[in-house]
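Undergrad: Have a look at this one before I ask anything.
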Amino acid sequence: MRIRQPLKLELEYIQRMMAWTLLREPDTVPEARTLQLGLGAAALTKFCHSVLRAPTTAVELNPQVIAACRAWFHLPDDDERLTVIQGDAARFVADDAHVAAFDAICVDLYDHEAASPVLDDEAFYRACWQALDDGGVMSVNLFGRDVSFDRSAARIAAAFGAERVAMLKPTSDGNTIVLAWKGFDLPPREVLAERAESLQTRWNLPARKWVKLLSRCTPSPSA
1 MRIRQPLKLE LEYIQRMMAW TLLREPDTVP EARTLQLGLG AAALTKFCHS VLRAPTTAVE
61 LNPQVIAACR AWFHLPDDDE RLTVIQGDAA RFVADDAHVA AFDAICVDLY DHEAASPVLD
121 DEAFYRACWQ ALDDGGVMSV NLFGRDVSFD RSAARIAAAF GAERVAMLKP TSDGNTIVLA
181 WKGFDLPPRE VLAERAESLQ TRWNLPARKW VKLLSRCTPS PSA
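Mapping of the sequence shown onto the UniProt record's numbering: residues 1 to 223, in sequence order.
Structure follows, in C-alpha cells:
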C-alpha cells in the first residue's frame, strides 16, 4: 500500500482480481454485492467499499489480520456497506443463509507459507458457486507456474462447468487469476473491450490489458 494513496490497488495480481468487473455491465458494478475470502492487507475490500462504493463483505480467519488492517492499512470500521467477519471462509460460503447472496467473490486464501491455497477442493468451489447469484463471478488467485495450478483449475471447472472458466496470463511473479461465472455465457471480445474502456475511464482499472490477457482455461486432463 502507498501511504499517500491507501485506496489504490498497487500490486498487479490484486488489480487483476478485479477482472470480475469485465463480466458485468459497468453500470451494475457499484451495485454488485462483493465478498472477499481472505482479507490480506484489505486492498480489495477498501477498493470495493470506498472506490466502487459497492456492498462489501470480507471474511478473515485470523483476528490479528483484521486488527492490523484497521490499525495500519486504513481499513474503515463496519458501516451500512461494509461488513468484516472473523470466521472460516469455507463455512461462510457453505451456509444456507448465503445462497445466491453475492454477485462477486474474490478468493485469495494462503497461509504464511503461501505454498498453495488453504481452501482448494471441489466442495469449496461448489459452495462458492452456491453463494453466487445468477450473473455472479468468482476470481481466484492461483500460482500459474506451480504444478498445483491444473489441479486447482480442474476443481473450479468441475464446480462451475468447463465452459464457464477463463484465466488471465500469469503476472511476472507467477500469479494467475482464474475467473468462473454463473448463469451466462462469456461475452464476445468486442463487448469485453467496450466494458474495459468504461472500467478504465471510470475507475482507472487496467482493464484494456485484461481483455488481451484473457483466455479460456483448459486444465490438463490428468489434473
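Beta carbons are placed, not taken as given, at the ideal position from N, Cα and C, and that holds for glycine.
Treat the numbers as computed from the prediction; the structure is a model and nothing was measured.
Going along the chain, which residues of its own chain have a beta-carbon closer than 7 angstroms to the beta-carbon of L119, five neighbours each way excluded?
TA: The answer, listed in chain order, is A89, A90 and L109.
Undergrad: Among the candidates S172, V51 and W20, whose CA atom is the shortest distance from the CA of residue 235?
TA: No answer is possible for residue 235: the residues shown for the chain start at 1 and end at 223.
Undergrad: Mind checking whether A131 and A101 have CB atoms under 8 angstroms apart?
TA: Yes; because the gap between Cβ atoms is below 8 angstroms, this pair is in contact.
Undergrad: Classify E10 as helix, strand or coil using the three-state DSSP reduction.
TA: Three-state result, E10: coil.
Undergrad: What runs of the alpha helix (DSSP H), each 4 residues or longer, lie entirely inside the UniProt domain "PABS" (57 to 189)?
TA: Qualifying alpha helix (DSSP H) stretches, in chain order: 63 to 72, 89 to 94, 122 to 131 and 149 to 160.
Undergrad: Closest to L44 by C-alpha separation, out of A153, P76, A166 and E197, would be which residue?
TA: That would be P76, whose Cα lies nearest to the Cα of L44.
Undergrad: List the DSSP bridge partners of S215.
TA: DSSP, once it has assigned bridges, lists M167 as partnering S215.
Undergrad: With a threshold of 8 angstroms on Cβ separation, who are the neighbours of F160 within its own chain once the five nearest residues in sequence on each side are excluded?
TA: Taken in chain order, the residues that qualify are Y125, W129, M138, A180, W181 and K182.
Undergrad: I need the straight-line Cα distance from G38 to P63, nearest angstrom please.
TA: Looking at the two C-alpha atoms, the distance is approximately 11 angstroms.
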